[in-house]
Structures are given as C-alpha cells and as structure tokens.
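A.B. asks:
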Amino acid sequence: MNIVAFETSCDETSVAVLRDGRLAANIISSQDFHTLYGGVVPELSSRAHIQRITPLLKAALEKAEISLNEIDIVAATAGPGLIGALMIGFTFAKGLALSLNKPFVPVNHVEGHIFSGFLMPDQPEFPFLCLVVSGGHTMFVLVESFVKMRLLGSTIDDAAGEAFDKVAKLLDLGYPGGPKIQQYSNRGNQEAIKFPIADVKGRYDVSYSGLKTAVLRFVQKAQSANSLTEELKCDIAAGFQATAVKTLTRKLEKAIKEFKPASLSLAGGVAANKKLRDSITSLGLQYHIPVRIPSFEYCGDNGAMIAFRAYSLVSSGEKFTLEYEAFPSFFSSYIAD
Amino acid sequence: MSEIIKTWHSLTEEDTQKAAEEFASIASAGICVGFAGQLGAGKTTFIRHLVAQWNIRNVTSPTFALVNVYHGTYPVYHFDFYRLNDEAELFEIGYYEYLEDGEALVLIEWADMFPGALPPQHWYINFVINEDGSRTISLARS
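Chains as they are written, first to last, in the working numbering: chain A, 1 to 337; chain B, 1001 to 1142.
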C-alpha cells in the first residue's frame, strides 16, 4: 500500500510518502520567513503553501522513487489548524485522489502527532499514554488502539507552546519562542525565581494562563526597577521553563499511577524541548515504562505522521468519502472524553 | 461613540465569573463583543465563564488557531487578533463571513488591534490590571 500525504495546517508545508507502512519520503518546507514577523502570518501561510505544494509533491515522489500511478491512497490533514492554510493541502489532496481515482483519507492533525512515535524503530506499545504539546494543543491522551483513545485532560486556557511564545515575547527574545526560552534557560538558574504551578479542578487538566501572568508581573516589576538584565532574563526563562515542564510531568505521573500504561510517548512541537524530553525519560525510568519520543524531524508538523495515521486508519478498516470537510477547531471521532 | 455602562472590580477569578455571568444575562445571539487588555489580564477567563452560560465548556485560547468555533445554546465564534499583523488578514481568515451570522455570538480578543474591524454596533469589554493585582473590567456599548 503506497500513501502520499499532505500537511498544511500551519506554517509548514510537508509532503510524505509511505510504502507498506515504511516511510519513503518526508519533505518539509519550513516557512522561515515567519521569523521576520514575530509569528505565523495567515495570509503568507496560505500563499506559501500554494507556491510550495506542487514542487514538494514532485520532490517527495522522486525521493521515494515512485510515480503517481503507483499511489494507492491520498491523505491530508483535515484539521485542526488555520482554515485558509488547511484548505490548500486538503483541497489539493482531494483533487489528486479524484484524478487518480483512489481513496482519500482525511487525517486529524492531533491524531497524527499522537502516533508519530510509530515512525521510530522502537514503537509505542498499547495502551500508551501520550502527551501532545504544541503551539495550539496540550493534551493527555490514553491510547488503547489506533481507533480508541481517551482524552484524560487538556489545557483549560493557553497551550504549552503558546505560553513559551508569549513569555518569549514578554522577554523580547524573538520567535519562535520555544528554542529561545531553551537557549536562555541554559544560561539561567531555574531555582532563582519560583513561579507557581496552577491548581486546576480537572484531574488531568492544566492551565498556563496563571503562569503567564506571574511571569508578566515579574517582568513588569523588573522593568520599572530598571533591572531587566540579560542575566535576569535567563533566570526568568529558566524558572518559567522548569515550571512549565513540571506542570506537565506532575499530571503525567498521576496518570501513570492510575492507568499503568505499557509505554509513554511525547509528541508535538514542544516535544523538541530538551528539559521536557529529559523529565519524561526520567519518569519512564522511575516507573519502568519504555519512553517513545519521536526524533526532532517528527516532533514539529510533518507529512510523515499524517501518512502513518492514514495508514493506521485504513489498516483498521476505516473508510472515508470525498464529502469529508476540513475543520479549524479540534474534533475527533476516535478520541472520547 | 461608546459609553461605559458598567464597571466591575475583580479581586479573584470568582469576581470575574460573576461579571461574566452578569454580562451573559444581557447578551444574546447576533452580538459582537470586543475584548481588550494586556497579556494575562483575564480576557480568556472572562470568555470561558461567559460562554459556560450557554453550555459551552471547551474554551481555550484561540491565539494559535485564530478562531475557535463552539456549539452551545448559540454558536460562538471566539477570535484572537493577537498574532495578526495586518487588518487585511482578517479577510483571509474569513472573519467578515463569521460576522454575518446573525444566529451566533462573535467574541474577539485583542480587538483593540483593529478597532475599525468591529461592526458599528458592538459591545466592548476592557481589562486593566491594577497595581495591587486586581482587575478593573469596564463594559461599553457602541
């Protein structure tokens, strides 16, 4: 079974080819001009996706040494994401499926992330506990099979990646916020400033709004005292990062005790954060649970995870039609509350 | 022109919740509400308690997605202009089409970034963080 998959939900355009469950190509074109504007610019996103999608498809087919006629399934991210950006890959893929007369498989972007651990040689074992952390999502998901998942909890306000971006902006560190916070943290002392971890009613819900506000108030005080030096910024970044990570690992530990998963997984753009990776690896060691974290290439948005998710759905007997619509907000028929 | 018709002083999230519930009692489908106030001032918190009155529980910050769509007693379109750089981008994200839905409520965070993008008739809720950490929330109508 040969699958070609398109991912255009946010700032990456990506096309991947999966041959019988094995990745043959994963081409990602990061729209790095966004760094000039301090964030993802929707208009630029849609236009850049349009410009890049055909050359990327050609490059992916070439890399996989396959022709369009050999493609059996066409997949694309259906949501959630920026609707204008989503529509480019989604509509392109539908058109391609129609012209090749092959099935079209719409993929939930978050589900793509959840199963990105399967792109690695050591795959997660069911049931596994997956933490999805990105600019738009923070979710704890208990994954029982490819078509049965339980959402244990999520953020009640800001996503983890959004908190990193906003704190980076408060400290004037630049975009993207995640890597910048990490850089500054490395030079700071995480014990110097203690930020509070929010108490949230839901057992597995988290909140980043209070942490963001705590950092804001600290920064404002330092600014009015004229003491916001580079050294202090490093300490703030380190204190923030430590709290942001602990917010997640505290809930993960609770879920490990309650559900005793066979493995742990971490996915999404924030999974590239070294402190978070290290903390989860330590949790796994402590509870003797294998930890399956995708390599950096599969943490950010990528076509490979969309291709694999399509493969897992088709292998599970799921069927879709071309009438399927794209959706900007989170929705999944496989993830129960 | 807008006139301030109500001001709340909020010391805790419960106070913000009460203000949101009070506003919910006068809000109805077809209205547009702009929210302004610095990072962490309580805009998303207010909105969460506001739409809870219409049986919507899954509110999160739309900063990344730009718009979240909720389905409760009324459909609610929850926008965030924070990441936008140019008013023309509102057209790209379909903002003006959402505004035309008379059956829904449109809630906009960081509305002060593009004041001209609000429809002529709208509500405006401004958040100020005071020195002591309390919030002053003021409601105006245009």
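Every residue, glycine too, gets a C-beta built ideally from N, C-alpha and C.
To the nearest angstrom, how far is the alpha carbon of G268 of chain A from that of S1061 of chain B?
C.D. replies: Roughly 18 Å separates the two Cα atoms.
A.B. asks: Let me make sure I understand the geometry here. Which of A:L57, A:M1 and A:L23 has the alpha-carbon closest to that of S14 of chain A?
C.D. replies: The shortest Cα separation from S14 of chain A among A:L57, A:M1 and A:L23 belongs to A:L57.
A.B. asks: Report the three-state DSSP secondary structure of P328 of chain A (helix, strand or coil).
C.D. replies: Reduced to three states, the DSSP call for P328 of chain A is coil.
A.B. asks: How about S263 of chain A and I280 of chain A: do their beta carbons lie closer than 9 Å?
C.D. replies: Cβ distance not < 9 Å, so S263 of chain A and I280 of chain A don't count as in contact.
A.B. asks: Using only the heavy atoms of the ligand FAD, determine whether one of them is closer than 8 Å to the beta carbon of G1133 of chain B.
C.D. replies: No copy of the ligand FAD appears in this structure; indeed no ligand is present at all.
A.B. asks: Secondary structure at T8 of chain A, three-state DSSP: helix, strand or coil?
C.D. replies: The answer is coil: DSSP assigns T8 of chain A none of H, G, I, E or B.
A.B. asks: Can you give me the C-alpha to C-alpha distance between N1126 of chain B and G1116 of chain B, rounded to a whole angstrom?
C.D. replies: Rounded to whole angstroms, N1126 of chain B to G1116 of chain B spans 16 Å at the Cα level.
A.B. asks: List, in chain order, every chain B residue whose beta-carbon is nearer than 8 Å to that of D158 of chain A.
C.D. replies: Within chain B, the residues near D158 of chain A are T1044, T1060, S1061 and T1063.
A.B. asks: Which complete beta strand (DSSP E) runs does the segment 67-111 of chain A hold, if anything under 3 residues is left out?
C.D. replies: You should have 73-79 and 104-108.
A.B. asks: Quick check: the Cα distance between I1093 of chain B and A85 of chain A, rounded to an integer number of angstroms?
C.D. replies: Roughly 9 Å between the two C-alpha positions.
A.B. asks: Using a Cβ-Cβ cut-off of 9 Å, state whether E1103 of chain B counts as contacting chain A.
C.D. replies: Not closer than 9 Å to any Cβ of chain A, the Cβ of E1103 of chain B fails to qualify, so no.
A.B. asks: Hey, could you find the ends of the alpha helix (DSSP H) S279 of chain A is sitting in?
C.D. replies: Looking at the DSSP string, the run of the alpha helix (DSSP H) that includes S279 of chain A is K274 to Y287.
A.B. asks: Have a look at V17 of chain A and E1089 of chain B and give me their C-alpha separation to the nearest angstrom.
C.D. replies: Looking at the two C-alpha atoms, the distance is approximately 33 Å.
A.B. asks: So what does DSSP say about D314 of chain A, is it helix, strand or coil?
C.D. replies: With the sequence shown as reference, residue 314 of chain A is identified as Val, and Asp is not the correct amino acid for it. Helix, per DSSP.
A.B. asks: In chain order, which alpha helix (DSSP H) runs of at least 4 residues are fully inside the segment 120-175 of chain A?
C.D. replies: Counting whole runs of 4 or more residues, the segment 120-175 of chain A contains the alpha helix (DSSP H) stretches 160-170.
A.B. asks: Going by beta carbon distance, what residues of the same chain come within less than 8 Å of G1030 of chain B, once the five residues before and after it are set aside?
C.D. replies: Around G1030 of chain B: G1102, E1103, A1104 and L1105.
A.B. asks: So what's A1041 of chain B in DSSP terms, helix, strand or just coil?
C.D. replies: Coil at A1041 of chain B, not helix or strand.
A.B. asks: Could you check whether the Cβ of R342 of chain A sits closer than 9 Å to any Cβ belonging to chain B?
C.D. replies: Nothing can be reported for residue 342 of chain A: it is not among the residues displayed for chain A, which extend from 1 to 337.
A.B. asks: Whole angstroms is fine: what's the gap from I181 of chain A's alpha carbon to L322 of chain A's?
C.D. replies: So the alpha carbons of these two residues sit roughly 42 Å apart.
A.B. asks: So, for T1007 of chain B: in the same chain, excluding its five sequence neighbours on each side, which residues have a beta-carbon less than 8 Å away from its beta-carbon?
C.D. replies: Answer for T1007 of chain B: T1136, I1137, S1138 and L1139, listed in chain order.
A.B. asks: So what's N1058 of chain B in DSSP terms, helix, strand or just coil?
C.D. replies: Three-state result, N1058 of chain B: coil.
A.B. asks: Please state whether DSSP places N1068 of chain B in a helix, a strand or coil.
C.D. replies: The answer is strand: DSSP assigns N1068 of chain B an E or B state.
A.B. asks: Note down the Cα distance separating E1014 of chain B from E1021 of chain B, rounded to an integer number of angstroms.
C.D. replies: Roughly 10 Å between the two C-alpha positions.
A.B. asks: Looking only at C-alpha atoms, which of A:H109, A:E65 and A:A59 sits nearest to P80 of chain A?
C.D. replies: Answer by Cα proximity: A:H109.
A.B. asks: G135 of chain A versus chain B: which residues are under 8 Å apart at the beta carbon?
C.D. replies: What G135 of chain A touches in chain B: F1064.
A.B. asks: What number of angstroms, rounded off, separates the C-alpha of F33 of chain A from the C-alpha of P176 of chain A?
C.D. replies: For F33 of chain A, the predicted structure reports a pLDDT of 49, less than 50, and the residue's modelled location is therefore unreliable. A value from the coordinates is still provided. Roughly 11 Å separates the two Cα atoms.
A.B. asks: Taking the alpha helix (DSSP H) that G239 of chain A belongs to, which residues open and close that run?
C.D. replies: Run containing G239 of chain A: E230 to F259, per the alpha helix (DSSP H) assignment.
A.B. asks: Take P261 of chain A and list the residues in its own chain whose beta-carbon comes closer than 8 Å to its own, dropping the five residues that flank it on each side.
C.D. replies: Cβ within range, chain order: P127, F128, L129, L142, A255 and I289.
A.B. asks: May I ask you to list the residues that DSSP assigns as paired with G1034 of chain B?
C.D. replies: Answer is B:I1108 and B:Y1124.
A.B. asks: Does any residue of chain A have a CB that is nearer than 9 Å to the CB of E1092 of chain B?
C.D. replies: So, interface residue.
A.B. asks: How would you list, in chain order, the residues of chain A whose beta-carbon sits under 8 Å from the beta-carbon of A1126 of chain B?
C.D. replies: The question names Ala, but residue 1126 of chain B in the sequence shown is Asn. Per Cβ cutoff of 8 Å: no residues; N1126 of chain B is ~17 Å from chain A at best.
A.B. asks: Leaving out five residues on either side along the sequence, give the residues of the same chain with a beta carbon under 7 Å from the beta carbon of A310 of chain A.
C.D. replies: So the qualifying residues of the chain are I3, A5, I73, A75, V105 and V107.
A.B. asks: Using a Cβ-Cβ cut-off of 8 Å (strictly less than) and excluding sequence neighbours within five positions of G1040 of chain B, which residues of its own chain qualify?
C.D. replies: So the qualifying residues of the chain are I1129.
A.B. asks: Give a yes or no on whether the minimum CB-CB distance between K212 of chain A and chain B is below 9 Å.
C.D. replies: Yes, its Cβ sits closer than 9 Å to a Cβ of chain B.
A.B. asks: With P179 of chain A as the anchor, note down where its alpha helix (DSSP H) starts and where it stops.
C.D. replies: P179 of chain A -> alpha helix (DSSP H) spans G177 to N186.
A.B. asks: A77 of chain A: buried (16+ other C-beta within 10 angstroms of its C-beta) or exposed?
C.D. replies: The residue asked about is misnamed: residue 77 of chain A is Thr in this sequence, not Ala. The residue in question, T77 of chain A, is buried, as its Cβ has 16 or more Cβ neighbours within 10 Å.
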